[in-house]
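Each residue of the sequence shown is one higher than the last, beginning at 138 in the numbering used here.
Note that beta-carbon positions come from the ideal geometry of N, C-alpha and C, so glycine has one too.
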Amino acid sequence: MAKTEIKDLGSSVLVDDRDEKLIPALGDGTSKPGDLCYIDPSDGKAKGSDVGTQEFFSGIMMESKITGTETAIVAGVPCKLVVPKSGHGYRINIDDLGGTVVHGNAVKFGANAGKAVKTTNLLDPGIIGRLSLEGLNGDTVCEINWV
């Protein structure tokens, strides 16, 4: 069965809460927990990071006590981003893997706002982590260890 929601993997974006740093932001109405985000300095809203359009990154959108793990944070509503640390585990949104991908495979920033993509080229720029669980065709969320 394809994993398409954070709750398919666990109850939080954090795999193991080990003294994580959280930064405050505001929702933008489109970014949801597990998205790779930056904070727009013009309005303080957390928006999806992507390659080629917005080359900024602040953290991973955390789940909300109000909307849970699957719903976009409403525009203007306070939210938090976790600043990823090397070696720590996170659950993030990723473009459809398109096939079975073994654990240890690299992921990097993608072209779709807030989403990561798989890569098999270890020399690709923007590698952010490695899969800590096997991924299957149709998966749009994954568990990674940040590099």
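Buried or exposed (CB count within 10 angstroms, at least 16 for buried), residue i
{"i": "Ile138", "result": "It should be pointed out that residue 138 corresponds to Met in this sequence rather than to Ile. Met138 comes out exposed."}
{"i": "Glu192", "result": "exposed"}
{"i": "Ala206", "result": "Rather than Ala, the amino acid found at residue 206 in this sequence is Thr. With 16 or more Cβ atoms within 10 Å of its Cβ, Thr206 is classed as buried."}
{"i": "Pro262", "result": "exposed"}
{"i": "Ala212", "result": "exposed"}
{"i": "Asn230", "result": "buried"}
{"i": "Ser201", "result": "buried"}
{"i": "Gly272", "result": "buried"}
{"i": "Asp165", "result": "buried"}
Simplified DSSP state of residue i, which is helix, strand or coil
{"i": "Asp180", "result": "coil"}
{"i": "Lys202", "result": "coil"}
{"i": "Asp187", "result": "strand"}
{"i": "Ile143", "result": "helix"}
{"i": "Cys282", "result": "Looking at the sequence itself, residue 282 is Asn, so the reference to Cys does not match. Asn282 falls in the strand class under three-state DSSP."}
{"i": "Ile210", "result": "coil"}
{"i": "Gly266", "result": "strand"}
Beta-bridge partners of residue i, as assigned by DSSP
{"i": "Thr256", "result": "Ala243"}
{"i": "Lys217", "result": "Pro161"}
{"i": "Leu173", "result": "Ile197"}
{"i": "Val238", "result": "Gly272"}
Close Cβ partners of residue i (< 8 Å) along its chain, the five nearest in sequence each way excluded
{"i": "Ile203", "result": "Val214"}
{"i": "Cys174", "result": "Ala162, Ser168, Ala183, Lys184, Gly185, Ser186, Phe194, Ser195, Gly196, Ile197, Met198, Leu218, Gly251"}
{"i": "Ser294", "result": "In this structure the chain extends from 138 to 284, so residue 294 is not present and cannot be described."}
{"i": "Ile265", "result": "Leu173, Pro221, Val244, Lys245, Phe246, Ala253, Ile281, Trp283, Val284"}
{"i": "Asn274", "result": "Ala139, Asp233, Leu234, Gly235, Gly236, Thr237"}
{"i": "Arg267", "result": "His240, Gly241, Asn242, Ala243, Val244, Ile281, Asn282, Val284"}
Own chain partners of residue i with C-beta closer than 7 Å, once the 5 adjacent residues on each side are dropped
{"i": "Leu146", "result": "Lys140, Arg228, Val278, Glu280"}
{"i": "Ala248", "result": "Asp187, Val188, Gly189"}
{"i": "Ser223", "result": "Trp283, Val284"}
Close Cβ partners of residue i (< 6 Å) along its chain, the five nearest in sequence each way excluded
{"i": "Leu159", "result": "Lys217, Val219"}
{"i": "Glu142", "result": "Glu207"}
Open item on the list: Three Cβ pairs or more, each shorter than 8 Å: is that satisfied between the stretch 232–245 and the stretch 168–187?
Closed with: no
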